[in-house]
Amino acid sequence: MKNFYKYFFIYHRLLPKSFRTKKFFIDLTYTLATILSFVIPFLLGKLIDSFGNSGKTLQIFLIFVLIYLSNFVLQQIEGYFRIIFSISSAPKFLIERSIENILKKGDINIIPEKEMDKIFSFKHIFEFFYNRFSIFVFLLPFLMAFSILILLFFNWKIGIIATFGILITWISANKKVKIEEKVSKQMNESEYKTAETLSDVYSGYEELKSYETVPFTFNWIKDTYNYLVKSYDSFGKVELRFGVTYELLAILTTPLLIVFLSLEVYFGKITPGIALMLFSFAEKLSSFSQVYIHDTDYISWVISRAKVAYNDYLREGK
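What the sequence shown shows, in the working numbering, is residues 119 to 436, in sequence order.
Below, the structure written as C-alpha cells:
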C-alpha cells in the first residue's frame with residue numbers, strides 16, 4: 119500500500135492551493151463524521167445497559183440521537199461538496215494540465231487524436247484520488263488501529279483475535295499489491311498495444327489488402343490478443359492464490375469473535391451492552407479488512423494507471 123500513499127500525496131500536490139484548501143475542509147468534514155460514527159456504538163451499548171433506569175436511559179438516548187443526527191448532517195454536507203470536487207473541478211484541472219504539458223513538448227510526431235484519447239482515458243484516475251473511497255483507504259490503518267485498541271481495552275482476548283485477523287490481512291494486502299502492480303502494468307501495456315494494433319490495421323487496411331498481407335496481419339493481431347489474455351489470466355491467478363491462503367484465514371476470525379463474545383456474555387464476564395459495542399467494533403474491523411481483501415486489485419490497477427498518467431502527462435519537465 120506504500121505506492122497508494124505516494125500517489126495520493128502526489129496527486130494532491132498537483133492541485134493549486136485553492137483546490138487543496140477546499141479538499142482539506144471536505145476531508146476534515148469526513149473525518150469528523152467518521153469520529154462520530156465511532157462514538158455511536160459506545161452510546162448504544164450504554165443505552166442497552168441503562169434499561170431499568172428511566173432517567174439515565176432518556177439522557178443517553180437524547181445524546182445518542184444528537185450524535186447520530188450530527189453524523190448524518192456531516193455526511194450529507196461532505197458528500198455534496200465532494201461530488202462536485204471529485205467529478206468536476208479536480209479532473210477538469212488535471213485534464214487541462216495534461217493538454218498543456220503535451221502542447222509544451224512541441225513534438226511534431228505527436229498524433230493529437232491518440233493523445234487526447236489517452237488523456238481522457240485517465241479521467242477515472244483523476245477522480246479517484248479525490249473521492250470518498252480514497253480518503254477512506256488513506257485513514258484505514260488509523261481506523262483499524264483505533265478499533266483494535268478499543269477491543270484490547272475492554273477485552274484483551276477479543277483484541278488479540280481481531281489483531282491476528284488484521285495482521286494476516288495487512289501482510290496479504292502488501293504482498294498482493296506489489297505483485298498485482300506488476301501484473302497491472304503488463305495489462306495496461308497489452309491494452310495499449312492491442313488498441314494501437316487494431317487502430318493501425320483499420321487505418322491501413324487498403325494498403326494491407328493491396329499488398330496481400332492480410333493473413334500476416336491477422337497473425338499479428340492474434341499474437342497481440344493472446345498477450346492481452348495472458349496478462350488478464352495472470353491477474354486472476356494472483357487473486358486465487360491469495361484468496362485461498364491469507365484471506366481465508368482473515369475471514370475465519372469474524373465467526374470466531376462472535377462465538378467468543380457469546381460465551382463471555384453467557385458466563386457473565388461482560389454485559390450485553392458491552393458485548394454489542396465490542397461486536398460493532400469487530401464488525402467495523404471486518405468491513406475494514408474487506409477493503410484489503412476485495413479492493414487491492416482495483417487499487418493496484420489505479421496506482422498503475424496513475425503512475426503512467428503522472429509520468430507521461432502531469433509531471434512538469436517531461
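Here a beta-carbon is modelled for each residue, glycine too, at the ideal position from N, C-alpha and C.
Quantities reported herein were computed from a predicted structural model and do not represent experimental measurements.
Run through DSSP, which three-state label would residue i get?
{"i": "Lys387", "result": "coil"}
{"i": "Ile421", "result": "helix"}
{"i": "His130", "result": "helix"}
{"i": "Ile289", "result": "helix"}
{"i": "Ile213", "result": "helix"}
{"i": "Tyr248", "result": "coil"}
{"i": "Arg433", "result": "coil"}
{"i": "Asn273", "result": "coil"}
{"i": "Met262", "result": "helix"}
{"i": "Thr240", "result": "The question names Thr, but residue 240 is Phe in the sequence shown. Looking at Phe240 - three-state DSSP - the assignment turns out to be coil, as it is neither helix nor strand."}
{"i": "Leu326", "result": "Because the pLDDT of Leu326 is 48, which lies under 50, any placement of that residue in the model is unreliable, and the number read from its coordinates should be weighed accordingly. Three-state result, Leu326: helix."}
{"i": "Asp415", "result": "helix"}
{"i": "Met61", "result": "This structure gives no information on residue 61, because the portion of the chain shown stretches from 119 to 436."}
{"i": "Lys124", "result": "helix"}
{"i": "Ile205", "result": "helix"}
{"i": "Ser229", "result": "According to the sequence as given, residue 229 is Ile; it is not Ser. Coil, per DSSP."}
{"i": "Tyr428", "result": "helix"}
Taking the alpha helix (DSSP H) that residue i belongs to, which residues open and close that run?
{"i": "Glu196", "result": "172-202"}
{"i": "Tyr148", "result": "135-167"}
Alpha carbons only, please: which of the options is nearest the one belonging to residue i?
{"i": "Leu270", "options": "Thr139, Met395, Lys236", "result": "Met395"}
{"i": "Met119", "options": "Arg433, Val420, Pro373, Tyr431", "result": "Val420"}
{"i": "Leu258", "options": "Thr287, Tyr384, Trp274, Phe137", "result": "Thr287"}
{"i": "Phe244", "options": "Ile284, Glu214, Gln194, Glu231", "result": "Glu214"}
{"i": "Leu113", "options": "Phe156, Tyr428, Ile284, Ser168", "result": "Nothing about residue 113 can be read from this structure; the chain reaches only from 119 to 436."}
{"i": "Val255", "options": "Tyr428, Leu432, Asn121, Glu434", "result": "Asn121"}
{"i": "Tyr248", "options": "Tyr431, Thr139, Phe156", "result": "Thr139"}
{"i": "Phe137", "options": "Lys210, Phe238, Tyr428", "result": "Lys210"}
{"i": "Leu192", "options": "Asn171, Phe169, Ile153", "result": "Ile153"}
{"i": "Ile253", "options": "Leu221, Pro373, Asn273, Phe142", "result": "Phe142"}
{"i": "Lys241", "options": "Lys124, Ile185, Ile276, Leu212", "result": "Leu212"}
{"i": "Leu432", "options": "Asp235, Ile417, Ile217", "result": "Ile217"}
{"i": "Ile185", "options": "Val157, Ser168, Asp167", "result": "Val157"}
{"i": "Phe260", "options": "Thr414, Asn429, Glu434, Phe406", "result": "Phe406"}
{"i": "Ala113", "options": "Phe264, Asp430, Phe190, Ile266", "result": "Residue 113 is absent from the model: the chain starts at 119 and stops at 436."}
{"i": "Ile195", "options": "Arg250, Asp235, Ser239, Phe238", "result": "Arg250"}
{"i": "Pro159", "options": "Lys275, Ile268, Ile276, Pro373", "result": "Ile268"}
{"i": "Pro373", "options": "Ile229, Ile276, Glu231, Phe169", "result": "Ile276"}
{"i": "Ile289", "options": "Gly386, Thr414, Asn429, Glu434", "result": "Thr414"}
{"i": "Phe272", "options": "Lys387, Glu233, Ser155", "result": "Lys387"}
{"i": "Tyr428", "options": "Pro230, Gly170, Asn219", "result": "Asn219"}
Cβ of residue i less than 8 Å from any chain C Cβ?
{"i": "Phe256", "result": "Among the chains of the structure shown, chain C does not appear; only one protein chain is present."}
Assess contact between the region 198-215 and the region 172-181, defined as three or more Cβ pairs (one per stretch) separated by less than 8 Å. Is contact present? Inter-segment contact for the region 198-215 and the region 172-181 is absent: fewer than three beta-carbon pairs are separated by less than 8 Å.
Problem - Cβ pair count under 8 Å reaching 3, the region 388-403 against the region 163-172 - result: yes
| said: When you compare the region 278-291 with the region 397-409, are there three or more beta-carbon pairs, one atom per stretch, that lie closer than 8 Å? | reply: yes
* Any 3 or more C-beta pairs closer than 8 Å across the region 135-147 and the region 184-201 -> yes
**Prompt:** Taking contact to mean at least 3 C-beta pairs separated by less than 8 Å, is the region 415-427 in contact with the region 125-144?
**Reply:** yes
Q) Using 8 Å as the Cβ pair cut-off and three pairs as the minimum, do the region 377-386 and the region 403-413 touch? A) Contact between the region 377-386 and the region 403-413 is absent, because fewer than three Cβ pairs lie under 8 Å.
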